[in-house]
Each structure stands twice: as C-alpha cells, then as structure tokens.
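Numbering (my numbering), first residue to last: 16 to 554.
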C-alpha cells in the first residue's frame, strides 16, 4: 500500500491556527467512545470502534497528528481519572499528562510505520498499542489502569484468552478490530472496496470468542471456603478523624457488622479498618486505642470461633519509637482462639499515596502523602494458611489496595501456591466515583489470567466475589446501590485447580509485542540513516 493516493491532509499537524475540522471530529469521537467504554458508563462494545476515528486520522495525514493525539489523550485521561482529584489535584493532572505522552508516542510511531512500511494498519498498530500499555504498567513503578482489556471485563467469552496472553491479548484483539475498520474507511476514501478488512475483522473476532466458549465449558470449578466480607462504609473524613472516641466508634461499627455473620470459615475486613497498632505490646506506647483494638478484635474472633482477616497498620517490632518511618500497610490473621498468627506487609506501595519518592532530597514532597507517618514496603511474599470448619486447609494471598492491579504480583502469589486471593481495599478516598467500578473491572482480568478466585472487601464498595472465569457472581448492594453502602456479603469462594499458561510464563505476549514494535521502528529508521549516509558527498 502506498500513501500517495490517499486523501492526505497537508495542514501543519503541530499548528493550532488551522486545526482541521476532521481532526476536531476525530478528537471528539475518540474521547467520547473511549470514555463510554469504561465504567461507569460501562458500554464496552463501543471499545471495538473507539479508536477508528483516531486511526483514520493517523493513516490520512502526511505527518503525525501530534496535536490531535495530545488532545485525545488529554481529554480521555483528565476526564476518566478525575477521581484522583479527590486526593491530589497535582497527582491527578501530573499522572494524566504523563499518560498522554504514551498516546502521542503511539500516534507518532503509527504514522511513521504506516508511511515507511506501506502496510495496512491492522498489521502493526496492535503491537504498538500493546507496547504502550505494557510500558505504562511498570515504568516509574507503573499505573496499569485504562487498558482496553478492562472495557471487556463483563464479556466472559472474550476475556478468557487472558489466561494465555494476559490482559494485553484482549487489548490486542480490540485494537486489531479497530484497525481493520480504519483500514476499511481508508480504502473507501481511496475508491477501493472496504469489504476485505471488514470481513477480516469479523473473522478475527471469532478467535477469542471460540477460545472463550471452549474454556468456559471445560474449566474445572469447585467450591472453596465460605467467606464473610464486611463493608462498613466509613467515609474518609470520619476514617481520618484522630479523636479516640471516633476511632473507637469506627471499630465498633465493624465489630457490630461482623457479629451478624452466619456460619463461616473466614471473616474479612477491608484495608486499614483496624485502628491503632495490632502487632506490638499495647503497653509499649501506652496508647488506649492499641489496647482497645487488640482486645476487641481478639474477643470477636473468640466469640465467632472463626478466623478473622483485618487490615491495619503494623510497626516494625524492633523499633522502640512510633515516630520512626517503619510502618507497614498490613493484613493480620487471627485464629478462632483470638491469637494473632500471621501478618502480610504490602509489597507494592503507591507513590505519593503511601510513600514519598526522593523525600531525602526533596523534603517538601512529604506533604503530598496522605499517611503522614509514611509507609515502608514489605519484603515477604507471605501466604496465609487456615483451616475451615470441616478441617480442610487452604492457602491464600491478601492483596492490599491496588496490588490486585499489578499483574506480576498477582501471578507470583499464584505461583507460590495460593488457592485463592482476597483483595482488601479502602476506596473511600474516591467517594462515589468511577474508580470503584474501574478497580473491580481490573481485578476481573487478574482472576482470569491466573484462573484464581478472588474475593474483595472494600470499605465503601464494591465488595464482590469473582470466579476464576472472571464472573462476578455476587456483590454487595442495597436496593441496587453498590457504592457507599454497608453490610455483609457471604459466599463460597470458587477455586480452579492447576496453573494457567499465563501464570507459568507471564507477560511473554506483551514482551513479544514490544520486541516487534522496536524491530518495526528500528528497521525503517536504520534504512533511512544508511541511505542518508551513502548520499553524503565523499570528503
């Protein structure tokens, strides 16, 4: 394919004074369709065409549509991550524009390859897209949010391929369909029949659908332990109130709700819902809240005669001052005798949320951390072990806060032998926003990737149980409202024996896409360099 016959827009792609109407339409349509695809609107079917206007723009311009791509990224990320503004305006805007850079880089690379290779978009654009998603997942600690795969979380047949490719394979399929439709539009503009790429799009769509239906029919599922998830719905302003009376009231709310649990194997509280310090001698600092929390939680486990998993803050027991920066965001397991038996310290901390990067060099940055004590990362990949009422033994991982959004971390816990996982989180920071729905959608992909059942305990919602197939088979709600409600959710966690291909091999698919992208970009670049060098006159 050559680009000479395409309807080229020769306006300056970097200029603002003559911004083409076609660019404006592409920007508006792309931002609108992408935004509708993610929760809360949750219209994931729009994702299959959301990139078409943008890709058509990339394929019909002589130079990369940098300004249009910048506006697409800005409109999408600033709007859809606006819930970060509840915590930090600087973080919201900074993270948004950081991600915009990936969108612009994608457009520049796509435009370059379209003209350098003369190939249809569907042959290379999916590799570029997956590459930018993969890089976003780990560069600068990573922010694995807003992947196209997340728009498909409720379409079970489509997302089953994630147990081989990870979420990136689902994104790849969505992008390749978009690219086929964009190729059809470009062919139509060039006076050619668009039937071939359209037909190809439907044929390609059969790949994940066929595999998904096969896996859903053949995957072995069995019932595991019965869990009772407690959702207290304590608003952030109340949770952060340091008065002793309020901290006791918050704890009493969770104690009261927990007493309503039916016969169960494990009661679960969300992240940091236990005030005070649970892992130290309560006489060490002489604080009443430490005495009250430890005695109350111990008595609850004894009264219920069951295991109790609670989220709280731990202090390094070797440190003799509560002013030192040795605190951890932790999960604590109590046995039916009321004894604290195990603890897991969160491994993957959120920058500027739980710790301050470079605080030694820039002390003013400490003010950006909600937890003013500062938190330290754990160093132990700990699996909890407990026995059910019928004496069966299980092992599980406690994923704290956003740890369930980090693919390698979840995969590692599954490799270590976790039978199931529990995500304890406090999303009250983001009130009744789309973050709660987006967080749950991402967790669905982790369940499918590793064929592991995951239960979620969230302070303000959305508490839920997710099957190894990705099916959200029960969630806590009150007359249809599932955010900012209180209650207790009880169900048996679903298990799937064995290990998925993804669990065994990891992000090989994403790494292959990244390698192909670099290879595609390096080839034409090297060729141009050599041509320019040979064209130079001899000295």
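The beta-carbon is built from N, C-alpha and C at its ideal position, and this holds for glycine as well.
Among the candidates the options, whose CA atom is the shortest distance from the CA of residue i?
i	options	result
residue 524	263, 187 and 454	187
residue 316	515, 269 and 516	269
residue 166	235, 65, 154 and 158	65
residue 293	487, 354 and 126	354
residue 487	459, 464, 503 and 499	459
residue 441	408, 419 and 429	419
residue 444	455, 253 and 436	253
residue 362	398, 88 and 115	398
residue 96	197, 183, 493 and 162	162
residue 125	190, 222, 109 and 251	190
residue 220	170, 204 and 321	170
residue 89	101, 141, 49 and 482	49
residue 37	55, 69, 47 and 53	69
residue 389	341, 197, 210 and 452	341
residue 242	44, 40, 438 and 211	438
residue 54	534, 510, 495 and 449	449
residue 212	102, 131, 350 and 67	67
Would you call residue i buried or exposed, if buried means 16 or more other Cβ atoms sit within 10 Å of its Cβ?
i	result
residue 156	exposed
residue 240	buried
residue 83	buried
residue 508	buried
residue 301	exposed
residue 128	buried
residue 318	exposed
residue 118	buried
residue 196	buried
residue 217	exposed
Could you give the DSSP three-state label for residue i: helix, strand or coil?
i	result
residue 156	helix
residue 212	helix
residue 316	helix
residue 263	helix
residue 26	Low local confidence applies: a pLDDT of 45 at residue 26 is under 50, so the model's placement there is unreliable, with the coordinate-based value given in what follows. Three-state result, residue 26: coil.
residue 413	strand
residue 38	helix
residue 188	helix
residue 286	coil
residue 21	For residue 21, the predicted structure reports a pLDDT of 47, less than 50, and the residue's modelled location is therefore unreliable. The matter cannot be settled from this model.
residue 176	coil
residue 168	coil
residue 358	strand
residue 400	strand
residue 453	helix
residue 310	helix
residue 240	strand
residue 58	coil
residue 110	helix
Rounding to the nearest angstrom, what Cα-Cα distance links residue i and residue j in this structure?
i	j	result
residue 93	residue 214	35 Å
residue 91	residue 80	16 Å
residue 58	residue 426	28 Å
residue 20	residue 228	Note that residue 20 scores 47 on pLDDT, short of 50, meaning its location in the model is unreliable; the coordinates nonetheless yield the value given after this. Each residue's Cα considered, the two are about 42 Å apart.
residue 72	residue 61	18 Å
residue 457	residue 74	31 Å
residue 436	residue 280	14 Å
residue 260	residue 358	27 Å
residue 485	residue 168	7 Å
residue 285	residue 393	18 Å
residue 329	residue 536	48 Å
residue 22	residue 412	Note on residue 22: pLDDT 49, under 50, position unreliable in the model; the coordinate value appears next. The straight-line gap from Cα to Cα measures roughly 55 Å.
residue 237	residue 231	14 Å
residue 538	residue 493	57 Å
residue 364	residue 35	44 Å
residue 17	residue 120	A caution first: residue 17 carries a pLDDT of 43, below 50, which makes its placement in the model unreliable, though a value can still be read off. About 23 Å.
Beta carbon of residue i, beta carbon of residue j: below 8 Å?
i	j	result
residue 175	residue 501	no
residue 159	residue 512	no
residue 410	residue 434	yes
residue 255	residue 474	no
residue 471	residue 479	yes
residue 469	residue 497	no
residue 491	residue 249	no
residue 505	residue 276	yes
residue 343	residue 308	no
residue 235	residue 464	no
residue 290	residue 262	yes
residue 326	residue 415	yes
residue 138	residue 532	no
residue 198	residue 136	yes
residue 400	residue 351	no
Using a threshold of 7 Å, is the CB atom of residue i nearer than that to any non-hydrogen atom of the ligand SAM?
i	result
residue 82	By its list of ligands, the structure shown contains no ligand whatsoever, and the ligand SAM lies outside what it can speak to.
Quick one: is residue i near chain D, going by C-beta distance under 8 Å?
i	result
residue 122	Structure shown: chain D not included; a single protein chain is present.
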